[in-house]
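Each residue of the sequence shown is one higher than the one before, counting from 4 in the working numbering.
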Amino acid sequence: MFRSVHSRMLASVLALVLGLLIVLGIAVAVSFRSLYIDETESRLLREVDDINDIVVSRYVDVDKRPAAREEFQVIVRLYDAYLQLCFDSGELGRYSVYSVDSGSRWAVAEEADLDTYIEAVKSGTYDRCSYGLLTKYTGFYTLTAMRPITTDSGETLGVIFFHYDMTGVNGSIRSALSSVALFCAIAIAFSIPVVYLLVRSITHPISRMTKVVQEFANGDFSHRVKTKGNDELSDLGGSINTMADELNTLEAARRSFVANVSHELRSPLTSMRGFLEAMLDDTIPAEDRDTYIGIVLDENRRMTVMVNDLLDLARIESGQYKLNMSVFDINELIRRTFLTFEARIAAKRFTVDIRLDDDRLFVEGDSERITQVVHNLIDNAIKYTPEGGRLTIECRPERHSARVAITNTGAGISKEDLPHVFDRFYKTEKAHTPSGTSGTGLGLSIAKLIIDQHGQDISVSSENGETCFAFTLKKAAKPAAKKAQEAAV
């Protein structure tokens, strides 16, 4: 029954509201009844005090007694009450008076036995007001105010009983309680739709978000959460939309990545298969087979490089490659890495300019990974430098870092392509348009990931026929002689 958040919240809030209204109604009713009865008791007690004064000052005087009785008549008529004066003196005896109009109701109470109460009042062990003292005689609920008849000198002459019919008071209380109950019922009836709308305003956006997220789970990232306002639900909806944008971008990148990998693997596989089948069915003459076997080997090597690059990329992104930080000479690293390209540079016959401001410049980083970065950037520059062009490798110290820049002449990179050069499978020949060159399109992506791991920057610029890739490393103090020698090895 209460499986959904909406039903549970609705039931909980309604129960809380109803409980509060009921408690509030009971509290108001009890407070009203208490105040009403307390007021009635206070009035009756004040009245019996006045009756005591009348008895002491006039009723005990035979000459003034008729006037006192007239006053008693006025009082009982005003309250529709029943007054009993029980004197200790046999001469005064007992005197009862009630209104002529209500005589039939109070007459039956004249035979009530009040001796027990008389003794209690005289001894001082009594409550000044007693409920239901005459109820069994009259048939209606009564309230009796009582006190001893005392003179100014403190002499006790008897006891006063002033009986009040509580029917009207109880009726007023019931009427008031009915009004409180009616208001509570109206408040409850009004609160139900308000609570429902309030709960719905919270749960309905959550339901919409749930549906949108379910669409995400099905692979459809086109849906968005409609948000309005500045509350937490709107913030959550905005976060979900932002997540959808990121997921959509990642999904597009994943599809592009899979498509590019498939293409990059299929092309050399198709080429190798074609050459091998041609050699098997003698389409390629025996004397030309060495040439085509060389082509197949080149394609195989390219595939091996690409697979290794993919593995490196995956390991770096997954955090499997932990940096082995050390202090090393970046200038020496550049010199050693450059030597591996001498044959290619000589074959293309272009000018090389190596600018190292200091003989030795120490930086902090993973020397193996930085070697990979320098290798990839120099390889990329050589690949796209035309024959007779110029290659410049520069390393200079800055305030807190060392900046390595590798610049080559050539066709350059267009402004439209510059933001994408570090994307996976971005083919640099698209911008440099060389002849007879091909790459995996992963070298620059790997270089960027490595530099990002170091918390440094890598950038590219291309203008006036020159393309420059530059990155920074944290500068370090010169290590001890032994450590410096180890770093240079």
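Where is the CB? At the ideal position from N, CA and C, for every residue including glycine.
The model shown is predicted, which means the values in this text are computed figures rather than measured ones.
Determine the direct distance from the alpha carbon of residue j to that of residue i, and round the result to whole angstroms.
i: M12; j: V198; result: 9 Å
i: F341; j: E397; result: 12 Å
i: T431; j: L268; result: Bear in mind that a pLDDT of 47 at T431, under 50, signals an unreliable position, so the model cannot answer this.
i: M282; j: N467; result: 47 Å
i: Y129; j: T147; result: 12 Å
i: V58; j: A18; result: 59 Å
i: R72; j: F35; result: 36 Å
i: P437; j: P389; result: Unreliable positioning characterises P437 in this predicted model, as indicated by a pLDDT of 38, which lies under 50. The coordinate reading is nonetheless provided below. Each residue's Cα considered, the two are about 7 Å apart.
i: V65; j: S99; result: 17 Å
i: R177; j: T159; result: 40 Å
i: K433; j: G413; result: Legend: pLDDT at K433 = 45, less than 50; position of this residue unreliable, value from coordinates given subsequently. Each residue's Cα considered, the two are about 13 Å apart.
i: R68; j: D41; result: 32 Å
i: I373; j: P271; result: 30 Å
i: A384; j: L394; result: 7 Å
i: D455; j: R292; result: 46 Å
i: T273; j: P482; result: 53 Å
i: S133; j: V77; result: 23 Å
i: H435; j: D362; result: Confidence is the limiting factor: at H435 the pLDDT is only 37, short of 50, which leaves the residue's position unreliable, though a coordinate-based value still follows. Whole-angstrom Cα-Cα distance: 33 Å.
i: E367; j: S210; result: 52 Å
i: G297; j: A349; result: 22 Å
i: G240; j: V228; result: 6 Å
i: I453; j: G232; result: 42 Å
i: S107; j: L23; result: 46 Å
i: T307; j: M212; result: 46 Å
i: T343; j: K386; result: 14 Å
i: D460; j: N311; result: 24 Å
Can you check DSSP and say which residues form a bridge with residue i?
i: T153; result: T159
i: Y465; result: For the record, residue 465 in the displayed sequence is Ser; it is not Tyr. T470.
i: H207; result: For H207, which the question treats as bridged, DSSP gives no partner whatsoever.
i: K478; result: V366
i: A405; result: P400 and L476
i: D356; result: T395
i: Y199; result: Answer is none; Y199 lacks a bridge partner.
Over the uninterrupted beta strand (DSSP E) stretch that includes residue i, give me the two end residues.
i: Q87; result: Y85 to F90
i: D460; result: D460 -> no beta strand (DSSP E), and no H or E assigned at all.
i: E397; result: R393 to P400
i: I416; result: Looking at the DSSP string, I416 is not in any beta strand (DSSP E), and its letter there is neither H nor E.
i: Y134; result: C132 to Y134
Can you tell me where the alpha helix (DSSP H) with residue i in it begins and where it stops?
i: E73; result: R68 to Y82
i: E335; result: I333 to L342
i: D455; result: G446 to Q456
i: D116; result: That residue, D116, is in no alpha helix (DSSP H); it is neither H nor E in DSSP.
i: R347; result: E345 to K351
i: Y101; result: It is not in any alpha helix (DSSP H) - Y101 instead sits in the beta strand (DSSP E) that spans R97 to Y101.
i: Y140; result: T138 to T141
Please state if the CB of residue j and the CB of residue i are separated by a distance shorter than 8 Å.
i: N334; j: L359; result: yes
i: S204; j: V20; result: no
i: N55; j: I163; result: yes
i: F353; j: G391; result: yes
i: V376; j: F474; result: yes
i: V16; j: V172; result: no
i: F143; j: A84; result: no
i: C89; j: L117; result: yes
i: G415; j: S465; result: yes
i: L447; j: N379; result: yes
Please determine whether the Cβ atom of residue i lies at a distance below 7 Å from any heavy atom of the ligand GTP.
i: I243; result: Among the components modelled here there is no ligand, and therefore nothing to report on the ligand GTP.
- prompt: Is the number of C-beta pairs between the stretch 183-198 and the stretch 216-233 that are closer than 8 Å three or more?
  reply: no
task: Could you tell me whether the stretch 181-195 touches the stretch 77-95, using the rule of 3 or more Cβ pairs below 8 Å?
output: no
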